[in-house]
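Engineer:
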Amino acid sequence: QVQLVESGGGQVQPGGSLRLSCTASGIIFSFYDMAWYRQILGKQRELVAAITTDGSTNYADSVKGRFTISRDNAKKTVYLQMNSLKPDDTAVYYCNANGGRWRGNYWGQGTQVTVSS
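All residue numbers for the sequence shown refer to my numbering, where the first residue is 35 and numbers rise by one.
1) Touching or not, the region 69-77 and the region 120-139, by the rule of three or more beta carbon pairs under 8 Å?
2) Excluding the five sequence neighbours on either side, which residues of its own chain have a C-beta within less than 8 Å of the C-beta of Glu80, listed in chain order?
3) Give the DSSP bridge partners of Ile103, in chain order.
4) Under the three-state reduction of DSSP, which class applies to Gly144: helix, strand or coil?
5) Going by alpha carbons, who is nearest to Tyr113 out of Gly49, Val36, Val82?
6) Which class does Ser150 belong to by DSSP, given the choice of helix, strand or coil?
7) Gly43 and Val147 - do their beta-carbons sit closer together than 9 Å?
8) Can you give me the start and stop residues for the alpha helix (DSSP H) that Gly134 sits inside?
9) How far does the beta strand (DSSP E) with Gly44 in it extend, from its first residue to its last?
10) In this structure, how does DSSP classify Ser41 when only helix, strand and coil are distinguished?
Structure below.
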């Protein structure tokens, strides 16, 4: 059974930092591209940051220079370091594992991030 378990969400003041973690089980982690998405209630889920199996990264324009995605294959974990947080970053953040057509696509349960003073 595949599980992606996110942690690290919470409430923080504008300008603060949080680090999200997502630990996978039931998959060969190193074979999967990993990503973080976020969703505001009533809006579409959007890509925040992604990291491929070889470590290449890409980011949404809105988070470039503030967020950093990284992965530790030995720990089967992907991270999202979020700095200089803004109220517009408030959302539920979801971890995604994409193994392509043959290995499947999986989602975590989501973790709430609230940026508010």
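Using N, Cα and C, we set each Cβ at its ideal position, and we do this for glycine too.
Since the structure is predicted, the reported quantities are computational estimates derived from the model, not experimental observations.
Structural biologist: The relevant details are as follows:
1) yes
2) Tyr71, Arg72, Gln73, Ala94
3) Leu114
4) coil
5) Val82
6) coil
7) yes
8) 134-137
9) 44-46
10) strand
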